[in-house]
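Here is the structure we will look at.
In full-length UniProt numbering, the protein residues as written are 1 to 474.
Here it is as structure tokens:
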């Protein structure tokens with residue numbers, strides 16, 4: 001009979017200390033001993049829903065030779081988001097520091113300014129390829145080896161490939177992602193701490209009714225004072241966090257880490273390559289690529305706590321959107337007209353029609369706001385759970401007001417915004433009929449767009465996925 005370590009996938013070093021005080025070390029798999037291209041490591045890991053380290057996964061990638069000049073050699077019209085903070089001040093991705101939007105060609109100049117001003121620099125998630133949204137660094141995609149994501153089932157589920165860059169020491173807040181991820185370290189060194197989905201309560205997760213922070217933990221605010229001189233579990237040795245079974249992965253250049261969907265993780269990027277360089281004032285450049293892809297209809301047993309948390313969040317989002325519409329559409333009631341026969345002659349109200357128009361108008365406003373894409377994504381996240389039904393009703397309706405609202409919305413969308421709308425429909429649709437009606441509406445509206453070719457392929461895979469979910473529950 002196989003042992004627990006064999007069933008879990010990655011080998012771990014047993015420790016006698018109480019779990020949570022010291023993390024279990026992930027040894028991982030060595031590509032030199034087990035060729036990644038010959039073994040379905042990712043598939044086996046997903047079945048067990050466990051993180052695994054792939055040593056030397058990117059040892060032959062051309063991307064390991066990237067520098068600032070190569071990254072900045074993209075389109076002069078592309079813009080990226082840079083986060084700047086003082087050296088010595090612990091910097092969290094998304095917390096603290098100054099976020100500024102700069103043209104991509106100005107990246108080397110911004111890095112030189114940060115070094116001169118004794119500041120740390122962090123390039124916020126720059127897409128190399130994405131099913132939806134802008135891709136400022138698309139020119140670097142040829143140096144990335146997708147491997148198992150080229151062809152087959154995984155290629156249809158691939159969502160995005162992103163570049164992460166930092167100068168100096170940085171920390172991410174403790175969070176989880178709603179997609180499976182493969183973090184590939186090209187340059188530098190990273191320490192990653194991971195906790196399973198069942199540890200949501202013990203890591204201090206924000207409640208699910210807070211959609212902007214429900215993927216994050218309150219832990220970073222406590223760890224900020226400690227400046228991460230100790231690990232998360234050591235900082236919280238006297239709190240409930242010590243009850244969480246955690247893992248720690250030490251990633252060197254060329255290594256990769258598989259992070260299953262729903263796993264809590266904190267990433268620390270070291271500012272120096274090793275202790276011998278600690279006296280140097282020049283911060284180390286760290287480059288990493290992460291690959292995200294969607295999960296499967298039937299998730300492993302270990303992911304059930306995350307799936308339940310996600311379903312609860314979607315239910316609350318639906319209630320929030322419905323409550324928003326009721327509050328906005330609430331009007332003083334008028335006295336009903338009385339006919340000669342004494343019966344009331346109330347006109348048939350159409351709350352569904354009015355509600356759809358209100359949602360479409362809110363989305364149109366978000367699409368035209370500044371900065372456009374950020375407000376648009378926030379609006380999609382707010383109305384995402386009810387969006388397939390809204391567009392399906394509008395597509396089948398003969399109401400002039402709904403048709404005008406639909407055309408006003410779709411005519412004002414950029415290709416990137418339209419692709420994000422498609423991805424939102426794909427993620428939120430629970431009914432095959434509603435998804436098909438909404439997608440057909442978008443299809444008819446964009447007959448001349450270049451994006452149609454990609455939508456054709458994605459439409460087919462989307463309907464296949466929805467159909468498989470329907471059949472698996474019947």
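The beta carbon of each residue, even a glycine, is placed where N, CA and C say it ideally should be.
| Item | Value |
| --- | --- |
| Residue 285 versus residue 167: straight-line alpha-carbon distance, rounded | 5 Å |
| Which listed residue (173, 251, 160 and 417) has its alpha carbon closest to that of residue 475 | With the chain represented from 1 up to 474, any question about residue 475 goes unanswered, as that position is not in the structure. |
| Reference residue 169, options 390, 119, 256 and 421, closest by Cα | 119 |
| At least 3 beta-carbon pairs within less than 8 Å: the stretch 63-81 vs the stretch 174-192 | yes |
| Unbroken stretches of the alpha helix (DSSP H), 4 residues or longer, contained in the stretch 118-198 | 152-157 |
| Residue from 59, 183, 101 and 61 whose Cα sits closest to the Cα of residue 77 | 101 |
| Residue 155 versus residue 390 - alpha carbon distance | 30 Å |
| Expected contact under 8 Å - CB spacing of residue 176 and residue 263 to nearest Å | 6 Å |
| Residue environment, residue 411, which counts as buried when at least 16 other CB atoms sit within 10 Å | exposed |
| Spatial distance of residue 408 from residue 159 (CA atoms) | 28 Å |
| Best match in 271, 55, 394 and 80 for proximity to residue 502 [C-alpha to C-alpha] | Lying outside 1 to 474, the shown extent of the chain, residue 502 is not represented and no answer is given. |
| Coil, strand or helix - residue 270 by DSSP | coil |
| Rounded C-alpha distance that separates residue 364 from residue 420 | 14 Å |
| Which of helix, strand or coil DSSP assigns to residue 203 | coil |
| Cβ-Cβ separation, residue 259 to residue 360 (assumed contact under 8 Å), whole Å | That belief does not hold up - the Cβ atoms of residue 360 and residue 259 are roughly 36 Å apart, past 8 Å. |
| Integer Cβ distance of residue 126 from residue 183, believed to fall under 8 Å | Contact doesn't hold; Cβ gap of about 15 Å is too wide. |
| For residue 255 and residue 121, the rounded distance between their alpha carbons | 23 Å |
| Cβ neighbour criterion (16 or more within 10 Å) applied to residue 62 | exposed |
| Under 8 Å between C-beta atoms of residue 74 and residue 123 | no |
| Element boundaries [beta strand (DSSP E), containing residue 73] | Note, residue 73: premise wrong, no beta strand (DSSP E); not H, not E. |
| Distance, residue 404 Cα to residue 157 Cα | 34 Å |
| Spatial distance of residue 144 from residue 257 (CA atoms) | 16 Å |
| For residue 389, three-class secondary structure by DSSP | helix |
| Cβ separation of residue 378 and residue 366, assumed to be a contact under 8 Å, to the nearest whole Å | 7 Å |
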